[in-house]
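The structure under discussion appears below in the form of structure tokens.
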Amino acid sequence: MSFIAKIAEKILRFTKPEYMDSQNSVDDFLASKDKASNKPIKSIFKIIDFKGMQVFTFGNKNCENIIVYVHGGAYVNEINYQHHLYCMKLSRKLNSYVLAPVYGLAPKHKSQETFDALRELYEDLLKTNKNITLMGDSAGGGFVLSFAQYLKTIDLPQPQHIIVFSPWVDISMGNPPYDSENDPILGEIGLIEIGKSWAGNIDTKDYRVSPLYGDKSNLAKTLIFAGTNEIFYKDIEKYVENSTNTRLVTGEGLFHIYPLFPIPEAKKAFKEIKKEIID
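At position 174 of the sequence shown (counting the first as 1) the number is 191 in the working numbering, and the numbers step up by one without a gap.
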């Protein structure tokens, strides 16, 4: 673990949301989210409208490669500048057209709505006959893995590549104990309640919200990054052990979604991504 990564981890510990480790706080947080009004996102980055869903776009749409990036945020937090900057980097360094959909968030919105919206976007992109990569981090990474399983049920082709960072593969948090104390970003208490909210009427162990429990055969070639100190690590290991055509890149001693941070280990991760898509 690099010195810069250690500094980043210390900073993250100071900014860890209280609702991740407190039942009262997560209840209040979800209640406030439910009351908040939905407003279209305004940004300096380019946004298009796709059938009523806002989609951030980066790069030239005539590029040979298309990347659909599903942002993380535990299904309750909006896409942020960390995601924007990473999508911009993907478009420039990988000569790719990157689309980052602004999907509906819990508790106002549920998983099935996002499945429907992403299916329509994916079907539209298939018409381009270009190489499509599905990417995502954290909750978005878990969604991507679920979505890939879902594609098989509706007879749509797999993407060329699946690349995810620290995917939330089990929103039921059904494999305790979880080490919330060592994770500077996430906590078991908050995740359990948020997971229930996102699932809605779907069982939290349904593959559509927890890809760990789905059929992982015949999926696209999958590359997963995860840090050994994050709360999801053992669930991710379990996902990989029961999968085919899947490779796990482990960040020893590293934290959740470490490839998105400006640390030396992220540079190594990006080289792996470039090798996967371009080389």
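Note that CB positions come from ideal geometry on N, CA and C, so glycine has one too.
Kindly list the residues whose CB is nearer than 6 Å to the CB of residue i, restricted to its own chain and excluding five residues on each side of it in sequence; keep chain order.
i    : result
G158 : V181, F182, P184
L143 : none
E26  : P201, F272
T263 : T239, V257
Q99  : L277
L116 : V72, T74, V85
F46  : Y36
Which first and last residues belong to the alpha helix (DSSP H) in which residue i is found?
i    : result
M105 : 98 to 110
P281 : 281 to 294
T32  : 20 to 32
L208 : 205 to 216
K238 : Unbroken run through K238 is the beta strand (DSSP E), 238 to 244; no alpha helix (DSSP H).
Y36  : Note, Y36: premise wrong, no alpha helix (DSSP H); not H, not E.
A134 : 128 to 143
Run through DSSP, which three-state label would residue i get?
i    : result
Y92  : coil
V72  : strand
Y224 : coil
M152 : strand
N82  : strand
L229 : helix
F249 : coil
S60  : coil
S113 : strand
D187 : coil
D45  : helix
D66  : strand
F182 : strand
So, for residue i: in the same chain, excluding its five sequence neighbours on each side, which residues have a beta-carbon less than 8 Å away from its beta-carbon?
i    : result
K63  : F73, T74, F75
I21  : P279, I280, P281
K50  : V93, L122, A123, P124, K125
F287 : K106, K110, P276
Can you say whether residue i is buried or exposed, counting buried as having 16 or more other CB atoms within 10 angstroms of its CB?
i    : result
D154 : buried
N82  : buried
R225 : buried
K78  : exposed
T150 : buried
E35  : exposed
Q40  : exposed
S163 : buried
A48  : exposed
N246 : buried
I274 : buried
Enumerate in chain order the residues of its own chain whose CB-to-CB distance from residue i is below 7 Å, with the five nearest sequence positions on each side excluded.
i    : result
N235 : K169
E137 : K68
Hey, could you find the ends of the beta strand (DSSP E) residue i is sitting in?
i    : result
A123 : That residue, A123, is in no beta strand (DSSP E); it is neither H nor E in DSSP.
T263 : 263 to 268
- Message: Does the stretch 108 to 128 come into contact with the stretch 193 to 208, if we say contact requires no fewer than three beta-carbon pairs (one atom in each stretch) closer than 8 Å?
- Response: no
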